[in-house]
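K.L.:
In short: position in the sequence shown from 1, add 1, done, that's my numbering.
C-beta: ideal position from N, C-alpha, C; glycine also.
Values in this document were obtained by computation on a predicted structure and should not be read as measured data.
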Amino acid sequence: MLPPVTNADPSGPAPALRRGLAVLRLLASRPSPVSAGAIARDLGLPRSTTYELLTELAAAGFAVHLPAERRWGLGVGAFEIGSAYLRTEPLERLGRPILLRLAAVTRATAHLGVLHGAQTLYLVKEKPPGTTVTLVTDVGIRLPAALTATGLSILANLPARQVRALLPDAGAFVDRTGRGPANLPELRSALIEVRRRGWADEDGQITPGAASVAAAVFDHNAMPIAAIGITVAHSCPAASRHPDCSFEHLVEPVQQAVGALTAAIGGRMR
Numbered sequence: 002m003l004p005p006v007t008n009a010d011p012s013g014p015a016p017a018l019r020r021g022l023a024v025l026r027l028l029a030s031r032p033s034p035v036s037a038g039a040i041a042r043d044l045g046l047p048r049s050t051t052y053e054l055l056t057e058l059a060a061a062g063f064a065v066h067l068p069a070e071r072r073w074g075l076g077v078g079a080f081e082i083g084s085a086y087l088r089t090e091p092l093e094r095l096g097r098p099i100l101l102r103l104a105a106v107t108r109a110t111a112h113l114g115v116l117h118g119a120q121t122l123y124l125v126k127e128k129p130p131g132t133t134v135t136l137v138t139d140v141g142i143r144l145p146a147a148l149t150a151t152g153l154s155i156l157a158n159l160p161a162r163q164v165r166a167l168l169p170d171a172g173a174f175v176d177r178t179g180r181g182p183a184n185l186p187e188l189r190s191a192l193i194e195v196r197r198r199g200w201a202d203e204d205g206q207i208t209p210g211a212a213s214v215a216a217a218v219f220d221h222n223a224m225p226i227a228a229i230g231i232t233v234a235h236s237c238p239a240a241s242r243h244p245d246c247s248f249e250h251l252v253e254p255v256q257q258a259v260g261a262l263t264a265a266i267g268g269r270m271r
């Protein structure tokens with residue numbers, strides 16, 4: 002759990018840092034954006050100091066201002082820093098045996114990915130025994146999050162403002178095969194469906210002849226920290242940008258793996 006938010010004591014060798022961290026903790030502890038006045042009141046800070054801190058945090062990507070609401074929330078930078086601990090060895094160590102079992106059960110390539118900016122970064126990849134299929138989702142590879150099933154499953158569980166900050170306009174979207182969302186409205190529509198189902202899929206958006214199913218792994222605050230997916234050889238006959246093939250038969254083992262890893266890291270499913 003997050004440490005309690007207390008009065009931003011200015012004593013110590015780095016008072017500005019202490020105050021800035023207090024603001025971040027407060028923003029992280031609230032379920033929705035907060036006004037600058039409420040932050041100043043709860044932390045016992047002058048309003049001018051509060052605005053200065055928020056402005057600096059926003060410039061660094063750790064806070065975001067919502068002018069229409071006159072409120073402040075966490076920025077993408079805060080999300081990335083907050084998830085950094087589980088991006089590395091602990092998440093990989095806990096996830097690897099789960100992915101090994103998933104690959105064996107499904108006879109598909111299983112992978113664990115995290116969000117890195119607007120890209121999916123792959124941390125672990127496990128192939129089923131005897132497979133010779135070569136995929137682009139190797140460890141360390143980054144792919145457009147809006148095209149991968151792992152990326153879509155994480156994006157679908159982020160606040161809309163964070164998705165907008167990551168992919169603000171059509172220029173932020175990548176087209177690999179002519180399939181998948183090409184702009185923010187199309188992405189929003191896709192994410193609504195992912196949230197409704199609880200899992201994401203992609204068919205030929207990354208590689209022609211391959212399809213993936215994935216679901217998000219959640220931390221102790223029920224925030225998406227990573228995603229587990231499997232990739233199979235598949236070619237949907239639809240020629241449109243948005244093919245309509247069903248992958249529901251692959252969902253249950255993926256969701257079981259996601260539940261196991263979420264429990265292993267002390268997370269909480271939505």
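Residues in its own chain within less than 7 Å of Ser-241 by CB, not counting five upstream and five downstream?
P.N.:
Against the sequence shown, residue 241 aligns to sequence position 240. At Ser-241 the pLDDT is 49, less than 50, meaning the model places this residue with poor confidence and gives no usable figure here.
K.L.:
Could you tell me the alpha carbon to alpha carbon distance between Gly-38 and Leu-46, rounded to whole angstroms?
P.N.:
Taking the sequence shown and counting its residues from 1, one reaches residue 38 at position 37. Taking the sequence shown and counting its residues from 1, one reaches residue 46 at position 45. In a straight line, the C-alpha of Gly-38 is about 9 Å away from that of Leu-46.
K.L.:
At what residues does the beta strand (DSSP E) containing Ile-231 begin and finish?
P.N.:
Along the sequence shown, one-based indexing puts residue 231 at 230. Note, Ile-231: beta strand (DSSP E), 225-234.
K.L.:
Who pairs with Leu-188 in a beta bridge, going by DSSP?
P.N.:
Locating residue 188 in the sequence shown gives position 187, where the first residue counts as 1. Answer by DSSP bridge pairing: none, since Leu-188 is not bridged.
K.L.:
State yes or no: is the C-beta of Leu-100 within less than 8 Å of the C-beta of Leu-113?
P.N.:
In the sequence shown, the residue the question calls residue 100 occupies position 99. In the sequence shown, the residue the question calls residue 113 occupies position 112. Yes, Cβ-Cβ distance for Leu-100 and Leu-113 is below 8 Å.
K.L.:
Going along the chain, which residues of its own chain have a beta-carbon closer than 6 Å to the beta-carbon of Arg-97, five neighbours each way excluded?
P.N.:
Residue mapping note: residue 97 aligns to position 96 of the sequence shown, counting from 1. Around Arg-97: Val-125.
K.L.:
What are the boundary residues of the alpha helix (DSSP H) that includes Leu-168?
P.N.:
Here residue 168 refers to the residue found at position 167 when the sequence shown is read from its first residue. First-last for Leu-168: undefined, no H or E at that position.
K.L.:
Decide if Val-140 is buried, meaning its Cβ has at least 16 other Cβ atoms within 10 Å, or exposed.
P.N.:
In the sequence shown, counting from the first residue as 1, residue 140 sits at position 139. Val-140 is exposed by the Cβ-count criterion.
K.L.:
Give the DSSP-derived three-state secondary structure of Arg-108 in the structure shown.
P.N.:
Taking the sequence shown and counting its residues from 1, the one referred to as residue 108 is at position 107. Of the three classes helix, strand and coil, the one that applies to Arg-108 here is coil, per DSSP.
K.L.:
Would Leu-18 be called buried (16 or more neighbouring beta carbons within 10 Å of its own) or exposed?
P.N.:
Counting from one through the sequence shown, the residue named residue 18 turns up at place 17. Under this definition Leu-18 is an exposed residue.
K.L.:
What separation, rounded to the nearest whole angstrom, lies between the Cα atoms of Ala-212 and Ala-105?
P.N.:
Walking along the sequence shown from the start, residue 212 turns up at place 211. Walking along the sequence shown from the start, residue 105 turns up at place 104. If you take the alpha carbons of Ala-212 and Ala-105, they lie about 18 Å apart.
K.L.:
By how many angstroms is the C-alpha of Arg-189 removed from the C-alpha of Arg-165?
P.N.:
Translated into positions along the sequence shown, residue 165 becomes position 164. Translated into positions along the sequence shown, residue 189 becomes position 188. Their Cα atoms are separated by approximately 9 Å.
K.L.:
Would you say the beta carbon of Val-164 is closer than 7 Å to some non-hydrogen atom of the ligand FAD?
P.N.:
Ligands in the displayed structure: none, and consequently the ligand FAD is not present.
K.L.:
Do you know how far the Cα of Asp-176 is from the Cα of Ala-228?
P.N.:
On the sequence shown, residue 228 is found 227 positions in, with the first residue counted as 1. On the sequence shown, residue 176 is found 175 positions in, with the first residue counted as 1. If I take the Cα positions, the gap works out to 22 Å.
K.L.:
Report yes if the CB atom of Leu-156 is closer than 8 Å to the CB atom of Ala-79, and no otherwise.
P.N.:
The residue given as residue 156 occupies position 155 in the sequence shown. The residue given as residue 79 occupies position 78 in the sequence shown. Not a contact, by the Cβ cut-off of 8 Å.
K.L.:
Looking at the unbroken alpha helix (DSSP H) that takes in Asp-43, where does it start and where does it end?
P.N.:
Locating residue 43 in the sequence shown gives position 42, counting from the first residue. Element bounds for Asp-43: 37-44.
K.L.:
For Asp-170, count neighbouring Cβ atoms within 10 angstroms of its own Cβ and tell me buried if that reaches 16, exposed if not.
P.N.:
In the sequence shown, the residue the question calls residue 170 occupies position 169. Result: exposed.
K.L.:
In the DSSP output, what is Asp-204 paired with across the bridge?
P.N.:
As a first step, residue 204 must be located in the sequence shown, where it is residue number 203. Note: Asp-204 sits in a beta bridge opposite Ala-212.
K.L.:
With a cut-off of 8 Å on the beta carbons, I'd call Glu-144 and Thr-121 a contact; round off their distance for me.
P.N.:
Residue numbering aside, residue 144 sits at position 143 when the sequence shown is read from its first letter. Residue numbering aside, residue 121 sits at position 120 when the sequence shown is read from its first letter. For the sequence presented, residue 144 should be read as Leu rather than Glu. So it is a contact: roughly 5 Å between Cβ atoms.
K.L.:
Start and end of the alpha helix (DSSP H) containing Leu-55?
P.N.:
Working through the sequence shown from its first residue, we reach residue 55 at position 54. Unbroken alpha helix (DSSP H) run through Leu-55: 48-60.
K.L.:
Are the beta-carbon atoms belonging to Val-259 and Val-214 less than 8 Å from one another?
P.N.:
Counted from its first residue, the sequence shown places residue 259 at position 258. Counted from its first residue, the sequence shown places residue 214 at position 213. Contact flag unset, no.
K.L.:
What number of angstroms, rounded off, separates the C-alpha of Arg-42 from the C-alpha of Leu-55?
P.N.:
If you number the sequence shown from 1, residue 42 lands on position 41. If you number the sequence shown from 1, residue 55 lands on position 54. Approximately 14 Å, taken between the alpha carbons.
K.L.:
Starting from Pro-145, follow its DSSP beta bridges and name the residues at the other end.
P.N.:
For the purposes of this step, residue 145 is identified with residue 144 of the sequence shown, where counting begins at 1. Answer by DSSP bridge pairing, in chain order: Gln-120.
K.L.:
Under the three-state reduction of DSSP, which class applies to Leu-113: helix, strand or coil?
P.N.:
Walking along the sequence shown from the start, residue 113 turns up at place 112. In this structure, Leu-113 counts as strand in the three-state DSSP scheme.
K.L.:
My understanding is that Ala-216 touches Gly-199, with C-beta atoms under 8 Å, so please give their C-beta distance in whole angstroms.
P.N.:
Position 215 of the sequence shown, counted from the start, is the residue given in the question as residue 216. Position 198 of the sequence shown, counted from the start, is the residue given in the question as residue 199. Contact flag correct, Cβ pair sits at about 6 Å.
K.L.:
Could you pull out every residue in the same chain whose Cβ sits closer than 8 Å to the Cβ of Ala-261, ignoring the five residues on either side in sequence?
P.N.:
What you label residue 261 is simply residue 260 of the sequence shown in a count that begins at 1. Contacts found: Ile-99.
K.L.:
Below 8 Å between beta carbons: does that hold for Leu-27 and Leu-44?
P.N.:
By 1-based counting over the sequence shown, the position of residue 27 is 26. By 1-based counting over the sequence shown, the position of residue 44 is 43. Yes; because the gap between Cβ atoms is below 8 Å, this pair is in contact.
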